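Data block below; observations after.
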Amino acid sequence: MEEGTFTTLLERDDIRQLVRLAADCRVNLYLVGGGVRDLLLGRPSQDLDFATEGECVELPHRFAATVGGTFFWLDEERRHGRVVRGRGGRQASYDFVLLQGDTIEDDLALRDFTINALAFFLNAPARGLLDPLGGAVDLSARIIRSCSPSAFADDPVRLVRAIRFAATLKFGVAPPTWDQMLTTAPLLEQVAAERVRDEFFKILAVSESASFLRQLSEAGLLHRITGQGSGCCTFVEGFDRVARLERLAAELSARFPIDHERLTLQLAVGVEDGISSSSLLKLAALVGPVAADGIDALSGKLRLGNRSRRMLRLLCQPRLPVGLLIPPERQTTRTMYRFFRDEAPAGLELVLLSLSDGVIPLDVALRFVEYYCHDYDSEGGDLYLSCADIMTLLDTAPGPLVGKAAALLREAESRGMVNSTGEAEEFLRKKLLTNRAPIG
């Protein structure tokens with residue numbers, strides 16, 4: 512399998528070009544780390560890492576020019592650069608960095624886990640896989656094992672990364688490595704919050720993350736990541752809530768046969784870089800109802816952006832939104848419109864969380880989801896009357912009154928009360944006549 516794996520790699524046009532350029536530059540070039548691991552696992556990878564023996568700035572620049580890519584430095588001082596080619600889902604990246612140590616074996620010994628301490632010498636393919644620490648055996652055994660006794664002290668973010676790899680690869684952590692993690696867990700406090708957040712959300716992105724969140728807690732890491740509580744018992748209910756959510760996500764096609772594709776897309780939406788709607792929903796389930804100041808503290812700890820922070824506030828609010836408490840027989844398009852308007856951008860996620868928690872029955876959730884997917888327009892699209900039209904109709908200058916009129920018109924159009932320009936004008940005229948305080 513190994514021989515065939517690397518033969519396929521060497522037949523790729525981009526790799527052939529890179530090997531040729533390395534020979535021209537007289538530089539020894541190794542494919543290292545996750546790219547080798549994923550090749551051995553048969554997992555397609557668009558992100559490859561290369562280590563050069565001796566400095567050669569010329570190589571990545573020439574490679575970028577050859578394949579029509581772009582080169583930039585990630586860390587110029589350490590001579591760590593990247594070439595990116597393609598766009599969107601077809602984008603590929605190639606990282607170049609100097610060997611750490613005098614030899615490739617020295618470099619691999621400094622890495623995090625044995626399954627990443629693998630290399631392939633592109634200048635001499637006949638040498639085959641370079642595996643001084645037995646990473647291939649651990650791959651076969653599906654084990655995460657640290658490369659050295661100092662692996663976690665050297666870079667404590669590896670504590671979270673160990674469980675991230677266990678989650679994404681469905682591997683187990685070797686007992687001696689687990690013991691190392693228990694001893695060094697306090698070192699996580701030394702790591703930049705952004706690095707911890709990125710690893711944490713990669714765990715939340717896994718379809719069955721609940722058991723790995725539990726592992727984070729058992730390793731003494733979860734409360735250091737979130738700032739919530741200080742032991743596994745703090746999150747027991749949260750683990751169960753996340754597991755229920757994940758079961759619901761797996762059953763969307765059965766529960767919502769008409770709209771499950773839209774729901775799946777909604778959950779996959781990126782709220783900010785590396786953070787999806789689904790991951791925030793799981794985080795909310797994990798920490799449970801929390802007051803606004805608690806959510807602000809959590810958001811600060813995780814360095815969340817404003818949109819993620821707002822979503823988390825809505826998802827973790829201590830009381831169920833009024834819109835979901837209205838008895839089914841009294842639910843109308845008006846009440847559902849106002850619910851999604853008031854709970855934006857987390858309305859649909861709130862419905863799913865409430866269903867998962869057993870707070871609302873499936874028939875209510877179906878009604879809200881159907882309305883959201885087929886009738887609700889959060890932006891209002893192009894209203895029948897523009898702001899200029901509204902100002903002319905109301906004989907008013909730009910100001911709050913115009914915004915209030917547009918909001919009322921948007922709600923009326925969403926509810927089907929207004930279906931033409933004439934009806935929009937009549938609607939606002941009536942509002943002027945019937946409201947003692949016009950429009951407001």
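Here the sequence shown is numbered in my numbering, starting from 512 and rising by one per residue.
We put the beta carbon where it would ideally sit given N, CA and C, even for glycine.
Small disclaimer: the values here were computed from a predicted structure and weren't measured.
- Of the residues PRO697, ALA652, ALA662, the one whose Cα lies closest to the Cα of LEU680 is ALA652.
- GLU588 carries a coil assignment under DSSP once its states are collapsed to helix, strand and coil.
- For TYR541, the pairing in a beta bridge is given by DSSP as ALA562, PHE632.
- Under the DSSP assignment, VAL608 falls in the beta strand (DSSP E) whose first and last residues are 603-609.
- Boundaries of the alpha helix (DSSP H) around GLU772: 771-779.
- Going by DSSP, LYS793 is part of the alpha helix (DSSP H) stretching over 788-798.
- Remark: C-beta atoms of PHE607 and GLY592 approach each other more closely than 9 Å.
- When Cβ pairs closer than 8 Å are counted between the two stretches, the segment 546-558 is seen to touch the segment 630-649, the count reaching three or more.
- Three or more Cβ pairs drawn from the segment 861-873 and the segment 750-765 lie within less than 8 Å of each other, which places the two stretches in contact.
- Cβ-Cβ distances below 7 Å link ALA796 to GLY749, ARG752, VAL753, LEU756, LEU864 in the same chain, with the five nearest sequence neighbours on each side left out; the list follows chain order.
- Of all alpha-carbon atoms in PHE682, ASP613, GLN842, the one lying nearest the alpha-carbon of THR625 is that of PHE682.
- Boundaries of the alpha helix (DSSP H) harbouring LYS812: 803-812, taken from the DSSP string.
- DSSP, read as helix, strand or coil, puts ILE674 in helix.
- Contact between the segment 839-857 and the segment 911-925 is present: 3 or more CB-CB pairs across the two stretches fall below 8 Å.
- Annotation for MET692: the continuous alpha helix (DSSP H) segment containing it runs 686-695.
- When DSSP states are grouped into helix, strand and coil, ILE714 belongs to the helix group.
- Going by beta carbons, VAL568 and ARG537 fall outside the 9 Å limit.
- 9 Å or more divides the Cβ of LEU699 from the Cβ of PHE767.
- It is roughly 16 Å from the alpha-carbon of PRO838 to the alpha-carbon of TYR882.
- The segment 661-681 and the segment 774-789 do not touch, with fewer than 3 CB-CB distances between them shorter than 8 Å.
- The three-state reading of DSSP puts ILE655 in strand, counting E and B together.
- Shortest Cα-Cα distance from TYR605 to any of GLN528, THR903, ILE871 involves GLN528.
- Counting of Cβ neighbours within 10 angstroms places LYS713 among the buried residues, the total reaching 16 or more.
- In this structure, ILE674 places its C-beta atom within 9 Å of the C-beta atom of PHE723.
- Burial state of ASN817 is exposed, judged by a 10 Å Cβ sphere holding fewer than 16 other Cβ atoms.
- By the Cβ-count criterion, GLU588 is exposed, with fewer than 16 other Cβ atoms from all chains shown falling within 10 Å of its own Cβ.
- Fewer than three beta-carbon pairs drawn from the segment 720-739 and the segment 657-668 are found closer than 8 Å, and the two stretches are therefore not classed as touching.
- Counting along the chain, the unbroken alpha helix (DSSP H) around MET822 starts and ends at 817-826.
- Measuring C-alpha to C-alpha distances from ASN634 to each of THR688, GLU564, ARG601 identifies GLU564 as the nearest.
- Within the same chain, and ignoring the five residues on either side of HIS771 in sequence, the residues whose Cβ sits closer than 6 Å to its Cβ are LEU763, SER764.
- In this structure, LEU732 is the residue among ASN539, LEU732, ALA716, GLN828 with its C-alpha nearest to the C-alpha of TRP689.
- Annotation for PHE632: TYR541, ARG638 place their beta carbon closer than 6 Å to its own, counting only its chain and skipping 5 residues before and after.
- Excluding the 5 residues flanking it on each side, ILE806 has same chain C-beta neighbours closer than 6 Å at LEU823, ARG824, CYS827, in chain order.
- Among the bridge pairs identified by DSSP, THR581 is matched with VAL595.
- About 12 Å separates the Cβ atoms of GLU710 and ARG735, ruling out a contact at the 8 Å cut-off.
- Straight-line measurement puts the Cα of ARG820 at about 33 Å from the Cα of TYR895.
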